[in-house]
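*Asks:*
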Amino acid sequence: MKILGISAYYHDSAACLVDDGVIVAAAQEERFSRKKHDHSFPRHAINFCLAMGQVQGKDLDYVIFYDKPFVKFERILETYLEYAPRGIRSFVKAVPLWIKEKLWIKEMVREELGYNGKVLFSEHHQAHAASAFYPSPFQEAAILTADGVGEWATSSYGIGRDHDVEILSEIHFPHSLGLLYSAFTYYTGFRVNSGEYKLMGLAPYGEPKYKDLILNELIDLKEDGSFRLNLKYFDYGVGLRMINKEFEDLFGTPPRKPETKLTQQYMDVARSIQEVTEECMLRMARHVHKVTGQKNLCLSGGVALNCVANGRILREGPFERLWIQPAAGDAGSALGAALLVWHQYLGNPRRTNPNKDSMQSSYLGPAYDRETILDYLRSNGIPFTELSDEELPYRIADLIAQQKVIGWFQGRMEFGPRALGCRSIIGDARSPEMQEVMNLKIKFRESFRPFAPTVIMEKSSEYFDIHEASPYMQLVASVRKDKRRNLTDVEKDQKGIDQLRVVRSSIPAVTHVDYSARLQTVSKEDNPLFHRMIQAFDEKYGCPVIINTSFNVRGEPIVCSPEHAYLCFMRTNMDYLLLDHFLIEKKEQKPLDKDIDWLREFELD
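For the sequence shown, position 519 matches number 512 in our numbering, and the numbering has no gaps at all.
1. Closest by CA to residue 311, which one among 294, 333 and 280?
2. Cutting at 6 angstroms between CB atoms, please list the residues of its own chain near residue 132, excluding the five before and the five after it.
3. Just tell me which of 173, 143, 154 and 334 has its CA closest to the CA of residue -3.
4. By the three-class DSSP mapping on this structure, what secondary structure does residue 447 have?
5. In this structure, does DSSP put residue 379 in helix, strand or coil?
6. Compute the Euclidean distance between the alpha carbons of residue 297 and residue 303, then round it to the nearest angstrom.
7. In chain order, what residues of the same chain have a beta carbon less than 7 angstroms from the beta carbon of residue 489, not counting five sequence neighbours either side?
8. Within the chosen definition, does the segment 538 to 547 reach the segment 445 to 456 through at least 3 CB pairs nearer than 8 angstroms?
9. When we look at the beta-carbon of residue 348 and count the other beta-carbons within 10 Å, is it buried (16 or more) or exposed?
10. Runs of 4 residues minimum, wholly inside the segment 306 to 351: which ones carry the alpha helix (DSSP H) assignment?
11. Using DSSP bridges, identify the partner residues of residue 97.
12. Can you tell which of 19, 276 and 144 has its C-alpha closest to the C-alpha of residue 407?
13. Just mark residue 3 as buried or exposed, buried being the case when its beta carbon has 16 or more other beta carbons within 10 Å.
14. Label residue 485 either buried or exposed according to how many other C-beta atoms from any shown protein chain fall within 10 Å of its C-beta, with 16 as the threshold for buried.
15. Work out the CA separation of residue 122 and residue 139 for me, nearest whole Å.
16. Identify, in the order they occur along the chain, each residue of the same chain with its Cβ nearer than 6 angstroms to the Cβ of residue 251, setting aside the five sequence neighbours on each side.
17. On the CB-based measure, 16 or more other CB atoms within 10 Å of its CB, does residue 433 come out buried or exposed?
18. Excluding the 5 residues preceding and the 5 following residue 545 in the sequence, name in chain order all residues of the same chain whose CB lies nearer than 7 angstroms to its CB.
19. Give me the Cα-Cα distance between residue 570 and residue -1, rounded to the nearest whole angstrom.
20. Grab the span of the beta strand (DSSP E) containing residue 609 for me, first residue to last.
21. Where does the unbroken alpha helix (DSSP H) through residue 270 begin, and where does it stop?
22. Drop a sphere of 10 angstroms on the beta-carbon of residue 209, count the other beta-carbons inside from all chains shown, and report buried for 16 or more, exposed for fewer.
23. Rounded C-beta distance between residue 87 and residue 39? I'm assuming under 8 angstroms.
24. Roughly how many angstroms lie between the CA atoms of residue 136 and residue 73, to the nearest whole one?
25. For residue 370, I'd like the list of residues in its chain whose CB is within less than 7 angstroms of its CB, leaving aside the five on either flank, ordered along the chain.
26. Any chance the CB of residue 285 is under 7 angstroms from a heavy atom of the ligand PLP?
27. Where does the unbroken beta strand (DSSP E) through residue 403 begin, and where does it stop?
28. So what does DSSP say about residue 65, is it helix, strand or coil?
Here's what the structure looks like:
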C-alpha cells in the first residue's frame, strides 16, 4: 500500500512516500530546485520519493494533500469581506493565484503524476498532529500544534491513541502565536517565514523590557494558554505588511531595515517576544496535560521549531517525555498526511518502540553511492584523496583540531530544516574565534548567530544540563557550570553584540551569550560514521563536542547532491570537503569557471 503525501503552495513544499506504514522517503522541494523555501508544486521531491519507492505515479494507492484548499479560500474570502474596503490591493494580488492554481490540486496531481486514483485532503492541523504523533515512540500521547495559520486553526491540541488522532480544541485565525512571532520577525528586520530562528538567536542579547507591554497591549494571554490578539496593531489580516503604524508607535521606532545595524532596542524587543512565546507555550502545555491526563507530549507546527520554548517545556512542564517532529513546519505535514491515511483513514494499527521513533533519524532524502561520487570527481578533474574506514574518523578529527572548517557530506540527506550529520559543516567547538569565522567567512551571515553543537550521546550530560536524547536539534540546554569560565567584571558588564566576544566556556564556539546551546546528540546506531569521528576527536583531543551547522550559505538551501556540495565548498572559505570517503582540499583545487551561474550573488534574507 503506497501513499504519497504532498504539501505545497505556501512555503516549504515537500513530498513523502509511505509504504505499508513505513516512511520510505521524504524531502523538501527547495533541495532540488535550489530556491530557498520553494513553495511550488514539489515535482522534484515527488519524483525522488517515487524513485526511492520504485513506483510510478499511476501505481500509487492514495495521494493526500496536507490541507483543505477550499476551506482555506473560504477563510480568505470571509476575512476580506469583513475588512472591506480595506485590503483591496492584497485581495487583487492574492485571488488570481487561487483561481488559477491553488484550488485545482486534484487536477494538478493527476496531470503531474498520471494518477487516476483517489486524492484525499486532510485538515492542516490534523496533518501537523499526525506528523507529531504517528512517528513518535509513544502508544498514547497528548498532541500540541502551533503555527501561523492553516485553514482557520492556528493552534490545536488533542490526543493520539494507537492509530487514532483526535483534535479536542483549536484557536482560530486571526489570533495566532505564529503570526505574532512573525510580526516581530518583520519588525526586527528579518524575513517572515524564514527569519524567525534569527529572532530567537538574537533574543539572549537583550533584556525583556517590553514583555509587559506585549502582554498588556498586544496579547490577552489566559492561564490555560488560550489568547486573543489586539488586532488594531496588526495588518496581516488583509494587508501587505505584518504590522501597522499603531504597532510602530507602541514601540517608538519604525521597523528595522534589513541589513542595518542592530540596536539594543531591537535586541530587547526580540528577548521580550521570545519570553512571551515561551510563557504561552508553557501555559498551553500545562493545560493540555490537565485536560488529557497524558504523560507524554508530541509537538509540531512552525512554533515547535522554537527550541528554546521546547527546552523549557521539557524542563518546567508537567510531561514526563517530549517528542518533537524534526520537520515541524509545513514540510513535515506531507509526512503527517501520508501516515494519516495509513493509520486513521485505513485503520491500520501502529507498532511502537518506546525507545525509538520511526523517523529513521530523519535521514529520508537522497543518498549518492561511491561510484556516483567518484564519477563526478573524475569527470570534473577534481583532485581528491580516498580515505579508508579506519583512517577517516582520525583524519577528520585531526583537521578539526587544526582549526580547519570541513564540509561533511555522507549518506541520506536530512528531512527538515536541521543538518544532522549528513549535510553538515563542522569545526572545533573549543575555538574562541570559530563562531565569527564560520558566520562571516563560511556562511556569509550575521555574526550574532549561534552555532549548534553535536555531542556523542554517552557524554552529553558531561557538557550540558540534559539527560534526554536530542537527535533532531529541537531542544536547548545550558552548558554545565563546571564547563563555564569565571568571567571578569568587565566581561560581565558587556552589552549587546559585544557579549559575543566573551569566551564563556571550554566550548565557546557553541555557547550562546546566555550559556545555552541548541544541541544534537548523536548515537552509534543513528549515524555510526559521524559518531565514530566525534569519538575519535574526543580520544585524541579530549572533547566529545564539535560545531555542526547546515551545509549551505545564506539564502541557499542545504546542499543535496555532490555537485551542490562542491560548488558551495568552492565559493566559501571552507578548507576541506569530505564526499563519502573522498577528501578534497581547497588549496589543490582550480578556481571555478566564472561563467558558472552558481557564482551569482546570494539572495539576502
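Backbone N, C-alpha and C fix where the C-beta goes; we use that ideal spot for every residue, glycine too.
Keep in mind that this is a model prediction, so the values were computed, not measured.
*Replies:* Reading it off the structure:
1. Ranking 294, 333 and 280 by Cα distance to residue 311 puts 280 first.
2. Closer than 6 angstroms at Cβ, skipping near neighbours: 345.
3. The shortest Cα separation from residue -3 among 173, 143, 154 and 334 belongs to 334.
4. DSSP places residue 447 in strand when its eight states are reduced to three.
5. In the structure shown, residue 379 adopts extended strand secondary structure according to DSSP, grouped into three states.
6. Residue 297 and residue 303 have their alpha carbons spaced roughly 7 angstroms apart.
7. So the qualifying residues of the chain are 198, 257 and 260.
8. The segment 538 to 547 vs the segment 445 to 456: in contact.
9. It is exposed - the Cβ of residue 348 has fewer than 16 other Cβ atoms within 10 Å.
10. Whole alpha helix (DSSP H) segments, 4+ residues: 323 to 333.
11. DSSP lists no bridge partner for residue 97.
12. The residue with the shortest Cα to Cα distance from residue 407 is 19.
13. Residue 3 is buried by the Cβ-count criterion.
14. Residue 485 is exposed by the Cβ-count criterion.
15. Approximately 10 angstroms, taken between the alpha carbons.
16. Answer for residue 251: 182, listed in chain order.
17. Classification for residue 433: exposed.
18. Counting only Cβ-Cβ distances below 7 angstroms, and skipping sequence neighbours, we find 551, 552 and 561.
19. Rounded to whole angstroms, residue 570 to residue -1 spans 33 angstroms at the Cα level.
20. Here the chain comprises residues numbered -6 to 598, so residue 609 is not present and cannot be evaluated.
21. In the DSSP annotation of this structure, the continuous segment of the alpha helix (DSSP H) that includes residue 270 starts and ends at 257 to 285.
22. By the neighbour-count rule (16 or more Cβ atoms within 10 Å), residue 209 is not buried but exposed.
23. About 26 angstroms separates the two Cβ atoms, so there is no contact after all.
24. Distance from the CA atom of residue 136 to the CA atom of residue 73, rounded to whole angstroms, is 32 angstroms.
25. Around residue 370: 377 and 575.
26. Inclusion of the ligand PLP in the displayed structure is not the case, the ligand content being empty and no account of it being possible.
27. No beta strand (DSSP E) holds residue 403; DSSP gives it neither H nor E.
28. Shown here, residue 65 sits in a helix according to DSSP, grouped into three states.
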